[in-house]
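*Asks:* Residue numbers for the sequence shown follow this note's numbering, beginning at 287 and rising by one. A virtual CB, placed ideally from N, CA and C, is assigned to each residue, including glycine. Submitted below is the structure of interest, expressed as structure tokens.
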Amino acid sequence: MRVPGEDIDSLNNRGINILNEPVRRCAGCGKKTGKSEFIRVVRLPGGTGEVAFDPELKFEGRSLYFCPKLECFKTLMRRKAPEKLMKQIIPDFIRDNIKSYLSQTERVQMT
Ligand SMILES: [Zn+2]
């Protein structure tokens, strides 16, 4: 049985490999698990450097995955992960979108 949100490493330690999707790593806390557990920011193709918040994993492009947690987002910003992984900064308005999205989902989880 899989515990929701359980780390892929602990699943592997228990000899369980049930993920039938690509594994990704959180740019904040470093947790590894199936990509559908993460949300992401994408640098859209076409060379414009345009960045999109992509919680539904719809877009193509070089992307930055992270847990749907404010804490992980803050950590990855502090580490300059967007510059390192996407070669692009996240514009302020997208940062604000992400923060309000995360504060909403965290509030829902707490109730
Ligand atoms: Zn994380």
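What do you get for residue 386, buried or exposed, if any count of 16 or more other CB atoms within 10 angstroms of its CB means buried?
*Replies:* Answer is exposed; the Cβ neighbour count stays below 16.
*Asks:* For residue 325, list the residues DSSP reports as bridge partners.
*Replies:* Beta-bridge pairing links residue 325 to 352.
*Asks:* As an exercise, report each continuous alpha helix (DSSP H) stretch of at least 4 residues that is fully enclosed by the stretch 343-388, in chain order.
*Replies:* Those alpha helix (DSSP H) runs which fall completely within the stretch 343-388 and span 4+ residues are 356-364.
*Asks:* Can you tell me whether residue 310 is buried or exposed, with buried defined as 16 or more other CB within 10 angstroms of its CB?
*Replies:* The residue in question, residue 310, is buried, as its Cβ has 16 or more Cβ neighbours within 10 Å.
*Asks:* Under 8 Å by Cβ, that's how I've got residue 356 and residue 392 pegged, so tell me the actual separation to the nearest angstrom.
*Replies:* Right, their Cβ atoms sit about 6 Å apart.
*Asks:* In whole angstroms, give me the CA-to-CA distance for residue 337 and residue 317.
*Replies:* Computed Cα separation, rounded: 23 Å.
*Asks:* Once the 5 residues before and after residue 351 are set aside, which same chain residues still bring their CB inside 6 Å of it?
*Replies:* Cβ neighbours of residue 351 beyond the five flanking positions: 310, 324, 326.
*Asks:* By alpha-carbon positions, which one of 339, 314, 340 ends up nearest to residue 366?
*Replies:* That would be 314, whose Cα lies nearest to the Cα of residue 366.
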